[in-house]
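Asks: Per the working numbering, the sequence shown runs over residues 100 to 685. The structure follows.
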Amino acid sequence: MKTWGKKISVYIFFMFLSVFFVFFLYKTRQLGIDSDGSFHFSRVEEIYQNLKAGELFTFIATHTFHNSGVGSFLFYPTVFLYPWACLRFFLDPITSFYVWYGLFMFLTLSIAYYSMYGFSRSKLRALMFALFYTIAIYHLYLGVRNYVLGEFIAYTFVPLALYGFYEVIWGDHKKWPLLGIGVALLLYSHLISVVITVILMFVLFTSKLVVDIKFPKVRWMALFKSIGLALILSLWIIYPFFTDFMHTKLGTPSFGFAFLYSMQDLWAASLENHATNRGVGIIFLMAALSGWYFVRNKKQEFWIYILGLIFIALSTNLFPYTELARIDGLFFLGMIQFPYRFLTYASLFMATTLSLIFERVFNKFQAHKKMLFFCVLGVMMCLYIQTLTPVLDRIYDATPEARLKKGNITDPVPAGAILDKDNYYDMYTYRVLYGETDYYPKASFDGNVTTPDSNVQKKILDRSQSIMLHKAKIANKDITIDPSVAPNELVYQVKLQRSALVDLPVVNYPSEKVYVNGKEFPYSVSDRGTVQVKLAQGKNRVVVRYVMKQTYYILCGIAVITWVVIGITTLLKNIKKVETNRGSRN
């Protein structure tokens, strides 16, 4: 019982920290929307509206993204946005976001603690790692400065995935489910983070095979089982790529390497210690400079430290990204887009080294352990507040003009605009700052087209804007038709003087069906990538509905059952462990 009491006390402590992390943001009752914020808030709003209407699954945007029917929900995971959407039933939009942010800070603390404790078997080190990893400046940049929320969610599960990989390759192979669970949770979060993590695992695994050719059969089996588990848990997430992505030429987010920062930028940003994508923060910079001394006699810890340094270098222009971009065969690496994404892994490995350093220091001063802990905790709380400086300044220093007002659909949401519960819905009178046209068919908008021809650029822009402005094309004329909306469907009332081919302002995916006056109707795809249907003279009620195939729901059901089995199995193992420990004491 004492062991359980200690475990519970750790999580109560994490709850206290999570409340602290949220407090300074929540008390503003505002947020400064920026970068990816309007994209993710729009996705949550769509899920919330669909839940209100009694629909659990969201596939296309009908309430948000200007009723374009874009499939951001098909190709960008939404699982962990559902808790945020559910909070909307009880809280205003701003408070619900901050509570959701606090929940994920708690989850990050808990998973980081669990992963490091499994790796080191040291509670002190696990606690230090959880604290350092959670308040890393890049983590806060993702969460509350630029609202890069897909990657923010994935950041929470990277330690679990890598810990599971460690157990399969080097540790207790019987813990193989952790690898499968960790990768599945990443797939539920952010697909690019999955790609980076799997590439890292592949490199480490290949290195292991080079050093140790005789890789035990039981570890091979554990690896294959974990891959199988990851697939069972996440095939329903991947399934839309087979049904819609592979059968449609879609305009994906831009490939290439952008926002390349120098080592000088990293050094300066780290010393400043503000929430940013340019540095690692002052505590990890200290670990990078001094860590070699503490790991020099431990091979495993040494290589973890080296990995941290490598990822710091990879996040800057020290690595020849510009030259790589010119090699056609390596074009696929451009899916990473922003090398600063490697800061997640730099933070993880440097937090691992830093936790070792503090464990050594604490053990050296055993008599003052508690005092040292509270001193470190106090410093870290101060650093956290200091890291939030640009986030809080953006709100407190804002002029009255910065408060968001109703705008124009063709204009992007102003960067840094101040939102509160009263003007929240004004955000949807603008175009999403980044991501409005992500996953449009290429015929509708292709952000990867690079041409100096201004006419081509104008044509690309005009097509996407005509969709956002609800411009239907009838007999070569643009006519505004505002749809009525329902979960995963758009309804258009079209009255014609004579039979005509009508190009509706809704982007097309292969799984969509069209119903005219209650009957399923054949349709074609227009040259702007939208639904085009031949309508008869008179009144026509046209419904464009996304219809997911039954296989998707079966795969989703299998995943849910598997999660239930994992939960019950884990619970029974813990109960058995408690009873065994109790019996051994008696």
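Cβ coordinates follow ideal geometry from the N, Cα and C atoms, glycine included.
Along the chain, where does the alpha helix (DSSP H) containing Pro-258 start, and where does it finish?
Replies: Along the sequence shown, one-based indexing puts residue 258 at 159. Its alpha helix (DSSP H) spans residues 248-268.
Asks: In terms of residues, what are the limits of the alpha helix (DSSP H) holding Leu-417?
Replies: For this step, residue 417 is matched to residue 318 along the sequence shown. From DSSP, Leu-417 is part of no alpha helix (DSSP H); its letter is neither H nor E.
Asks: DSSP puts Asp-311 in a beta bridge; with which residues?
Replies: Within the sequence shown, residue 311 is the residue found at index 212, counting from 1. None; Asp-311 has no bridge partner.
Asks: Taking just the CA atoms, how far does Thr-177 sit from His-139?
Replies: Within the sequence shown, numbered from 1, the residue matching residue 139 stands at position 40. Within the sequence shown, numbered from 1, the residue matching residue 177 stands at position 78. Distance between the alpha carbons of His-139 and Thr-177 is about 10 Å.
Asks: Would Ile-665 pass as an interface residue toward chain C - the criterion being a Cβ-Cβ separation below 8 Å?
Replies: The structure shown contains no chain C; it holds only a single protein chain.
Asks: If I follow the unbroken alpha helix (DSSP H) through Asp-492, where does it start and stop?
Replies: Within the sequence shown, numbered from 1, the residue matching residue 492 stands at position 393. Note, Asp-492: alpha helix (DSSP H), 488-495.
Asks: Where does Lys-316 fall in DSSP's three states?
Replies: Within the sequence shown, residue 316 is the residue found at index 217, counting from 1. In the structure shown, Lys-316 sits in a helix (DSSP, three-state: H, G or I).
Asks: Looking at Tyr-181: is its Cβ nearer than 8 Å to the Cβ of Val-121?
Replies: On the sequence shown, position 82 is the one that residue 181 refers to. On the sequence shown, position 22 is the one that residue 121 refers to. The Cβ atoms of Tyr-181 and Val-121 lie no closer than 8 Å to each other.
Asks: What residue ranges within the stretch 134-213 form continuous alpha helix (DSSP H) runs of no fewer than 4 residues, ordered along the chain?
Replies: 136-151, 171-174 and 181-186
Asks: Using the rule of at least 16 other Cβ atoms within 10 Å of the residue's Cβ for burial, across every protein chain shown, is Asn-396 buried or exposed?
Replies: Position 297 of the sequence shown, counting from 1, holds the residue named residue 396. The residue in question, Asn-396, is exposed, as its Cβ has fewer than 16 Cβ neighbours within 10 Å.
Asks: Can you tell me the Cβ-Cβ gap for Leu-413 and Phe-441, rounded? I've got them flagged as a contact below 8 Å.
Replies: Within the sequence shown, the letter at position 314 stands for residue 413. Within the sequence shown, the letter at position 342 stands for residue 441. Between Leu-413 and Phe-441 the beta-carbon gap is near 4 Å, inside 8 Å, which marks them as a contact.
Asks: Which of the three DSSP states, helix, strand or coil, is assigned to Asn-673?
Replies: Within the sequence shown, numbered from 1, the residue matching residue 673 stands at position 574. Asn-673 falls in the helix class under three-state DSSP.
Asks: Helix or strand or just coil, what does DSSP make of Leu-568?
Replies: The residue labelled residue 568 in the question sits at position 469 within the sequence shown. Residue state, collapsed to three classes: coil.
Asks: Note down, in chain order, each residue of its chain lying with its Cβ closer than 7 Å to the Cβ of Ser-288, except the 5 sequence neighbours on either side.
Replies: Here residue 288 corresponds to residue number 189 of the sequence shown, with the count starting at 1. Taken in chain order, the residues that qualify are Pro-176, Phe-179, Gly-249, Ile-252, Ala-253 and Phe-256.
Asks: Nearest by alpha-carbon distance to Thr-203: which of Thr-443, Tyr-392, Asp-271 and Leu-239 is it?
Replies: To locate residue 203, count along the sequence shown from 1; it is residue 104. Contrary to the premise, residue 203 reads as Phe rather than Thr in this sequence. Of the listed residues, the one whose Cα sits closest to Phe-203 is Leu-239.
Asks: Pull up the distance between the alpha-carbon of Tyr-147 and that of Tyr-523, whole angstroms please.
Replies: Mapped onto the sequence shown, residue 147 falls at position 48. Mapped onto the sequence shown, residue 523 falls at position 424. The alpha-carbon atoms of Tyr-147 and Tyr-523 are separated by roughly 14 Å.
Asks: Roughly how many angstroms separate the alpha carbons of Gln-129 and Ile-426, rounded to a whole number?
Replies: Here residue 129 refers to the residue found at position 30 of the sequence shown. Here residue 426 refers to the residue found at position 327 of the sequence shown. Rounded to whole angstroms, Gln-129 to Ile-426 spans 46 Å at the Cα level.
Asks: Could you say which of Leu-286, Leu-223, Leu-277 and Leu-487 lies nearest to Arg-459 if we only look at CA atoms?
Replies: Stepping through the sequence shown from its first residue, residue 459 is reached at position 360. When only C-alpha atoms are compared, the closest one is Leu-223.
Asks: Cα separation between Met-300 and Thr-668?
Replies: Looking up residue 300 in the sequence shown gives position 201. Looking up residue 668 in the sequence shown gives position 569. Spanning the two alpha carbons is a distance of roughly 27 Å.
Asks: What three-state label does DSSP hand Val-293 in the structure shown?
Replies: For the purposes of this step, residue 293 is taken as residue 194 along the sequence shown, with counting starting at 1. It is helical.
Asks: Where does Arg-142 land, buried or exposed, given buried means 16+ other C-beta within 10 angstroms?
Replies: Stepping through the sequence shown from its first residue, residue 142 is reached at position 43. Arg-142 comes out buried.
Asks: Is it buried or exposed for Ile-111, if we count other Cβ within 10 angstroms and need 16 for buried?
Replies: Taking the sequence shown and counting its residues from 1, the one referred to as residue 111 is at position 12. Ile-111 sits exposed, since fewer than 16 C-beta atoms from the chains shown fall within 10 Å of its C-beta.
Asks: Please classify Gly-327: is it buried, with 16 or more other beta-carbons within 10 angstroms of its beta-carbon, or exposed?
Replies: Position 228 of the sequence shown, counted from the first residue, corresponds to residue 327. Gly-327 comes out exposed.
Asks: Quick check on the burial criterion: 16 or more other C-beta atoms within 10 angstroms. Buried or exposed for Phe-115?
Replies: For the purposes of this step, residue 115 is taken as residue 16 along the sequence shown, with counting starting at 1. With fewer than 16 Cβ atoms within 10 Å of its Cβ, Phe-115 is classed as exposed.
Asks: Give the DSSP bridge partners of Phe-620, in chain order.
Replies: The residue labelled residue 620 in the question sits at position 521 within the sequence shown. Under DSSP, Phe-620 forms a beta bridge with Val-613.
Asks: Is the stretch 480-493 touching the stretch 264-275 in the sense that three or more CB pairs, one from each, lie closer than 8 Å?
Replies: no
Asks: Provide the residue span of the beta strand (DSSP E) that contains Leu-432, from first to last.
Replies: As a working note, residue 432 is residue 333 in the sequence shown. It is not in any beta strand (DSSP E) - Leu-432 carries neither H nor E in the DSSP assignment.
Asks: Is Ser-598 helix, strand or coil by DSSP?
Replies: Taking the sequence shown and counting its residues from 1, one reaches residue 598 at position 499. Note: Ser-598 maps to coil in three-state DSSP.
Asks: Considering only C-alpha positions, which residue in the set Ala-501, Lys-105 and Gly-201 is nearest to Ile-132?
Replies: Here residue 132 refers to the residue found at position 33 when the sequence shown is read from its first residue. The shortest Cα separation from Ile-132 among Ala-501, Lys-105 and Gly-201 belongs to Ala-501.
Asks: Is the Cβ-Cβ distance between Val-293 and Leu-303 less than 8 Å?
Replies: Position 194 of the sequence shown, counted from the start, is the residue given in the question as residue 293. Position 204 of the sequence shown, counted from the start, is the residue given in the question as residue 303. Cβ atoms of Val-293 and Leu-303: not closer than 8 Å.
Asks: Using the C-alpha atoms, what's the distance from Arg-377 back to Asp-364?
Replies: The residue given as residue 364 occupies position 265 in the sequence shown. The residue given as residue 377 occupies position 278 in the sequence shown. Going by the C-alpha atoms only, they are around 6 Å apart.
Asks: Report yes if the C-beta distance between Lys-468 and Asp-191 is below 8 Å; otherwise report no.
Replies: On the sequence shown, residue 468 is found 369 positions in, with the first residue counted as 1. On the sequence shown, residue 191 is found 92 positions in, with the first residue counted as 1. No; because the gap between Cβ atoms is not below 8 Å, this pair is not in contact.
Asks: Which residues bound the alpha helix (DSSP H) around Thr-452?
Replies: Here residue 452 corresponds to residue number 353 of the sequence shown, with the count starting at 1. Element bounds for Thr-452: 442-463.
Asks: I'd like to confirm the pairing. Which residues does DSSP put opposite Val-641 in its beta bridges?
Replies: Along the sequence shown, read from residue 1 onward, the residue named residue 641 stands at position 542. Tyr-591 and Val-615.
Asks: Within the chosen definition, does the stretch 157-176 reach the stretch 206-214 through at least 3 CB pairs nearer than 8 Å?
Replies: no
Asks: Determine which residues share a DSSP beta bridge with Ala-235 and list them.
Replies: As a working note, residue 235 is residue 136 in the sequence shown. Answer is none; Ala-235 lacks a bridge partner.
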